[in-house]
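**Q**
In our numbering, the protein residues as written are 104 to 357.
#1: Under the three-state reduction of DSSP, which class applies to residue 337: helix, strand or coil?
#2: Going by C-alpha distance, which of 255, 259 and 262 is nearest residue 271?
#3: Would a C-beta distance cut-off of 9 Å place residue 310 and residue 354 closer than the cut-off?
#4: For residue 217, count neighbouring Cβ atoms within 10 angstroms of its own Cβ and tell me buried if that reaches 16, exposed if not.
#5: With DSSP as the reference, label residue 272 as helix, strand or coil.
#6: Can you give the beta carbon distance from residue 324 to residue 212, rounded, assuming they're within the 8 Å contact cut?
#7: The alpha helix (DSSP H) spanning residue 161 covers which residue range?
#8: Leaving out the 5 sequence neighbours to the left and right, which residues in its chain are closer than 8 Å to residue 348 when beta-carbon positions are compared?
#9: Distance, Cα to Cα, residue 290 vs residue 350?
#10: Which of the three DSSP states, helix, strand or coil, is assigned to residue 138?
#11: State yes or no: is the C-beta of residue 157 within less than 9 Å of the C-beta of residue 264?
#12: Cβ of residue 238 within 9 Å of Cβ of residue 299?
#13: Evaluate contact between the segment 276-288 and the segment 336-347, counting only Cβ atoms and requiring at least three cross-stretch pairs below 8 Å.
#14: How big is the Cα-Cα spacing for residue 356 and residue 302?
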């Protein structure tokens, strides 16, 4: 369940504590323990940070991508960081234990993002790419808790927006488009999986006001169906995806 917040003309927010059945988002609390968190932060901080947008700093491990032109190259990608291997193993073990129809997760990219309040760090409402990246966005939340905020665009820029809006109305009558958001608490050391409508219909963001202390987000991405290899004859995209998977799974980057 998630919390719906609505705002009035006075810009005051009202929380509807009954919750909202948000589809295809999963939060696993205490995914890592305190010692594992400390180890991850130490290993991450050994590598150089690069200034990014909106006050963030980042570290990228993955192919070189131009999303606007839909061009992708191996570039200098030599595998996901060794320190991240146990996270993916643990997540896949949970998938197996759940006996769900959810396939195992094989990421080909890791983006570490650092948020600090003194830089006004945030990430604006957006959709993640779906040309190269697949259904699940998997993030491990380190050092500080925050809220992942979801909103619906006020125009039908993608299919399904009106259906999701009607679901919100069934929970919070008389709400209007643009006057509400859905807030999902991400505890420190938790893992969050965003997929389905939460990924493709709702836009997500991290607000400046929700970064009281340093936070590091480790976001893993898998391949889209276009790039996912299959047996038999494969397209050029699938062959490239196969190569990416082989490189990523070495966890050779130290």
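All residues carry an ideal CB built from backbone N, CA and C; glycine is no exception.
**A** By the coordinates alone:
#1: Taking the chain shown and counting its residues from 1, the one referred to as residue 337 is at position 234. Residue state, collapsed to three classes: coil.
#2: Within the chain shown, the letter at position 168 stands for residue 271. Cα-wise, what sits closest to residue 271 is 255.
#3: The count along the chain shown starts at 1 and reaches residue 310 at position 207. The count along the chain shown starts at 1 and reaches residue 354 at position 251. No.
#4: As a first step, residue 217 is located in the chain shown; it is residue number 114 there, counting from the start. The residue is buried, with at least 16 neighbouring Cβ atoms inside 10 Å.
#5: Position 169 of the chain shown holds residue 272. Residue 272 falls in the helix class under three-state DSSP.
#6: Reading the chain shown from its first residue, position 221 is the one you call residue 324. Reading the chain shown from its first residue, position 109 is the one you call residue 212. That belief holds up - the Cβ atoms of residue 324 and residue 212 are roughly 4 Å apart, short of 8 Å.
#7: Here residue 161 refers to the residue found at position 58 when the chain shown is read from its first residue. First-last for residue 161: 160-164, but that is the beta strand (DSSP E), not the alpha helix (DSSP H).
#8: To locate residue 348, count along the chain shown from 1; it is residue 245. Once the five neighbours on either side are set aside, the close Cβ partners of residue 348 are 209, 211, 326 and 332.
#9: Counting from one through the chain shown, the residue named residue 290 turns up at place 187. Counting from one through the chain shown, the residue named residue 350 turns up at place 247. Rounded to the nearest angstrom, the two C-alpha atoms are 32 Å apart.
#10: The count along the chain shown starts at 1 and reaches residue 138 at position 35. Helix.
#11: Counted from its first residue, the chain shown places residue 157 at position 54. Counted from its first residue, the chain shown places residue 264 at position 161. No, the Cβ-Cβ distance between residue 157 and residue 264 is not below 9 Å.
#12: On the chain shown, position 135 is the one that residue 238 refers to. On the chain shown, position 196 is the one that residue 299 refers to. Cβ distance < 9 Å, so residue 238 and residue 299 count as in contact.
#13: no
#14: As a first step, residue 356 is located in the chain shown; it is residue number 253 there, counting from the start. As a first step, residue 302 is located in the chain shown; it is residue number 199 there, counting from the start. Using only the alpha carbons, I get a separation of about 29 Å.
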